[in-house]
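Chemist: Would you mind keeping the following structure in view while I ask a few things?
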Amino acid sequence: MQPDLILIYTGHNEYYGALGVGSSVNMGYSRGLVNLYLKLRDYRTTQFLQNVISGIIGIFNSAGSKTDDGNETLMSRMIGESLIPINSDMFNNGIDQFSGNMNDILKMFKDRNIPVIIGNLTFNAKDQKPFVSVKDGK
Numbered sequence: 002m003q004p005d006l007i008l009i010y011t012g013h014n015e016y017y018g019a020l021g022v023g024s025s026v027n028m029g030y031s032r033g034l035v036n037l038y039l040k041l042r043d044y045r046t047t048q049f050l051q052n053v054i055s056g057i058i059g060i061f062n063s064a065g066s067k068t069d070d071g072n073e074t075l076m077s078r079m080i081g082e083s084l085i086p087i088n089s090d091m092f093n094n095g096i097d098q099f100s101g102n103m104n105d106i107l108k109m110f111k112d113r114n115i116p117v118i119i120g121n122l123t124f125n126a127k128d129q130k131p132f133v134s135v136k137d138g139k
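Just so you know, the sequence shown maps onto residues 2 to 139 in the numbering used here.
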C-alpha cells in the first residue's frame with residue numbers, strides 16, 4: 002500500500018504519553034532502550050516477563066494505601082513525574098526522544114517517497130495555570 006500523503010499531528014503527549022520520559026509507563030530516559038523494548042515486545046518471552054513483573058508490582062500496589070476511586074482518567078494514571086522543569090535533564094531527554102522519533106519517522110517516509118505534513122494540535126492556554134509552579138533556585 003502506498004499512501005498519497007502522511008499527516009502527523011504532534012503535541013501534548015511527548016512527555017506523558019506511553020513510554021514518554023514523564024510517563025508512569027516508561028523504559029527510562031534512553032531512547033535506545035525504548036526502541037529495543039519496542040522491537041522485543043512481540044516475542045512471547047518478553048510478554049511473559051512483562052506479565053510476571055506487572056503481577057508482582059500489582060501485588061505490592063494493592064497492599065499499599067493508594068486507593069483508586071474509579072474517577073481517574075487514563076492520562077492522569079499515565080503521569081509518573083508531574084513536575085518537569087524547563088531545561089531540566091528530564092525536559093531535555095524528552096526533547097531528544099521526540100526529535101529522534103520524528104527524525105526516524107521522517108526518514109522512513111522520505112526513503113519511500115511519501116510526502117509528509119506535520120501539524121500541531123490547537124489548544125487554548127489563555128488563563129491556564131501551570132500544573133505546578135517551580136520555585137526560583139530549583
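Just so you know, even glycine gets a beta-carbon here, dropped at the ideal spot from N, CA and C.
Identify the residues that DSSP records as bridge partners of Y10: which are they?
Modeler: The residue you call residue 10 lines up with position 9 of the sequence shown. Answer is G120.
Chemist: Where do the N-terminal and C-terminal ends of the alpha helix (DSSP H) with Q98 fall, by residue?
Modeler: Counting from one through the sequence shown, the residue named residue 98 turns up at place 97. Note, Q98: alpha helix (DSSP H), D90 to D112.
Chemist: Can you give me the Cβ contacts of Y17 inside the same chain, cut-off strictly under 6 Å, excluding the 5 residues immediately before and after it?
Modeler: Along the sequence shown, one-based indexing puts residue 17 at 16. Correct list, in chain order: G23, S24, M79 and I80.
Chemist: Would you mind reading off the limits of the alpha helix (DSSP H) that contains V22?
Modeler: Taking the sequence shown and counting its residues from 1, the one referred to as residue 22 is at position 21. No alpha helix (DSSP H) holds V22; DSSP gives it neither H nor E.
Chemist: Pick helix, strand or coil for I80, following the three-state DSSP scheme.
Modeler: The count along the sequence shown starts at 1 and reaches residue 80 at position 79. In this structure, I80 counts as strand in the three-state DSSP scheme.
Chemist: Which residues mark the beginning and the end of the alpha helix (DSSP H) in which Y38 is found?
Modeler: What you label residue 38 is simply residue 37 of the sequence shown in a count that begins at 1. Start and end: R32 to L41.
Chemist: Would you mind sorting S66 into buried or exposed? The rule is 16 or more other CB atoms within 10 Å of its CB.
Modeler: Taking the first residue of the sequence shown as 1, we reach residue 66 at position 65. Its pLDDT being 47, under 50, S66 is placed unreliably by the model, and the measurement read from it follows with that caveat. Exposed.
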